[in-house]
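Scroll down for the structure; my scribbles are underneath it.
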Amino acid sequence: PIPVIIDCDTGVDDALALLFAVRHPGLDLRAVTCVAGNTDVDGVVHNTLTVLEQAGAPDIPVARGAARPLIEPARSARHVHGVDGMGDLGLPAPRRGRAAVDAVTLLYREILGSPTPVTLIPTAPLTNIALLLRTHPHVTRNIERIVFMGGAVATGNATPVAEFNVWHDPEAAAVLLTAGVPITMYGLDVFTRVVVPGADVRRLRESAEPGTRLAGELLAHRPSAPDPDGDDPAGGLGDAGAVCAVADPAGLTTRLLPVEVSLAPGPTRGQTVVDRRPRPGESEIHGGAREQALVDVALDVDVDRYVKLYLETVERG
Ligand code: BDR
Ligand code: CA
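Structure, rendered in structure tokens:
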């Protein structure tokens, strides 16, 4: 299996991502690190421990990371994810505590201690990853790829042009993009499209198996589109799609393109500026070429394939 580490802000769809990673036979989830985003970092740790217990994976180490972005003030997205950051589902408190070490230390140890290169899957603001890359730059030698949920080629969500994870900590995202390792950007353009039909969500909710049932409850809390085939709410996979992309990269169409994060104050801050032009334009001709990161940007996704993959995997029990 592929060794993976998820860095998350659990988060309804981060929870969907964790459930999938634990149950996919081709993935070996080595650790989970937590960062402030959808809710405060202690809430994220609590939610993450609970989800892993419900998924039958109570032994995966979970570490607490950054409580706020590098420069921006802390902000929460409770209006999207509920007061507890996870849809206010009323889940039980976790039975065990978090790892004794902080997120950067756990990431460092797990990456360099792995016999095969690790794939990192950040599904949250990139603060922990930026701190890791600046504190221990040599970890990149044992990172296979970073597949992150964040950014957008077209339309944003936090602002008209900026996606939440990048907008929350733009400087951290800029550090990630220039890390010098292969990067896949699983942005909003594909993120919003992978939706589980209502009938499948209902079947998951009726399951006797706690992890499968939890996936159904979480999907029912992410009604991202009216279901054309019935009354049950359909639910978007969200962050879990980025983990599908690691398990089954053939379901994603990507192109290697220059990407830059807008760090300027004002209406474009946090935008991922993706250069899709076929040839350089006037700015390069007159100003000289700028150094820009090349990123595998997700441009299309096989929706049916990822929905099927997700359902097969979480119903495995
Ligand atoms: C991202 O922000 C969070 O709300 C989701 O979990 C996802 O990571 C979408 O912009
Ligand atoms: Ca998230």
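For the record, in the sequence shown the residue sitting at position 294 is 298 according to the UniProt record's numbering, with numbers rising by one throughout. Note that CB positions come from ideal geometry on N, CA and C, so glycine has one too.
What residue range is occupied by the uninterrupted alpha helix (DSSP H) comprising residue i?
i           : result
A297        : Unbroken run through A297 is the beta strand (DSSP E), 297-305; no alpha helix (DSSP H).
E288        : 286-291
residue 323 : A question about residue 323 goes unanswered here, because the residues of the chain that appear run from 5 up to 321.
A59         : Looking at the DSSP string, A59 is not in any alpha helix (DSSP H), and its letter there is neither H nor E.
R113        : 107-116
R149        : Looking at the DSSP string, R149 is not in any alpha helix (DSSP H); the run it does join, the beta strand (DSSP E), is 147-153.
A249        : 244-251
D18         : 16-27
P174        : 174-181
P271        : That residue, P271, is in no alpha helix (DSSP H); it is neither H nor E in DSSP.
residue 3   : Since the displayed the chain opens at 5 and closes at 321, residue 3 lies outside it and no answer follows.
G220        : 214-224
Taking only the alpha-carbon atoms, compute the straight-line gap between residue i and residue j and give it to the nearest angstrom.
i    : j    : result
A177 : A134 : 7 Å
A299 : P262 : The question names Ala, yet the displayed sequence has Val at residue 299. Looking at the two C-alpha atoms, the distance is approximately 6 Å.
A104 : Q58  : 22 Å
G202 : L241 : 12 Å
T52  : P284 : 45 Å
D235 : V199 : 15 Å
V157 : G191 : 7 Å
D252 : I6   : 11 Å
V278 : E264 : 7 Å
T127 : I9   : 11 Å
L181 : G101 : 32 Å
S118 : R145 : 11 Å
R280 : E213 : 45 Å
P141 : P121 : 15 Å
L222 : E286 : 48 Å
L31  : A162 : 31 Å
V55  : R259 : 34 Å
L208 : H50  : 24 Å
V165 : L74  : 21 Å
At what residues does the beta strand (DSSP E) containing residue i begin and finish?
i    : result
D32  : 31-38
R68  : 66-68
P73  : Note, P73: premise wrong, no beta strand (DSSP E); not H, not E.
P126 : 122-126
V277 : 276-278
P262 : 256-265
T188 : 187-190
A238 : 238-240
P7   : 6-12
Assuming residue i and residue j are in contact, meaning their beta carbons sit under 8 Å apart, how far apart are those beta carbons, in whole angstroms?
i    : j    : result
A35  : L110 : 5 Å
T317 : R27  : 5 Å
G123 : V143 : One detail in the question is off: residue 123 reads as Thr in this sequence, not Gly. In fact, because the Cβ distance is near 13 Å, the residues do not count as touching under 8 Å.
D92  : G69  : Rounded, the Cβ-Cβ distance is 24 Å, inconsistent with contact.
E175 : L313 : Not really, about 34 Å apart at Cβ, beyond 8 Å.
Y112 : L95  : Actually they are not in contact, since the Cβ atoms of Y112 and L95 sit about 30 Å apart, beyond 8 Å.
A224 : P237 : 6 Å
Looking at ligand 4, does it come within less than 6 Å of residue i, judged from the CB to the closest heavy atom?
i   : result
E76 : As presented, the structure is devoid of ligand 4, carrying ligand 1 and ligand 2 as its sole ligands.
Task: Stretch pair the region 14-21 + the region 34-43: three plus CB contacts closer than 8 Å - done: yes
Open item on the list: Three Cβ pairs or more, each shorter than 8 Å: is that satisfied between the region 167-182 and the region 273-288?
Closed with: yes
TODO: Examine the Cβ distances between the region 280-290 and the region 184-196 and report whether three or more of them are shorter than 8 Å.
DONE: no
- [ ] Take every Cβ of the region 238-257, pair it with every Cβ of the region 191-204, and state whether three or more of those distances are shorter than 8 Å.
- [x] yes
TODO: Under 5 Å from any heavy atom of ligand 2, by CB: list those residues in chain order, please.
DONE: D13, G15, D18, T127, A128, D243
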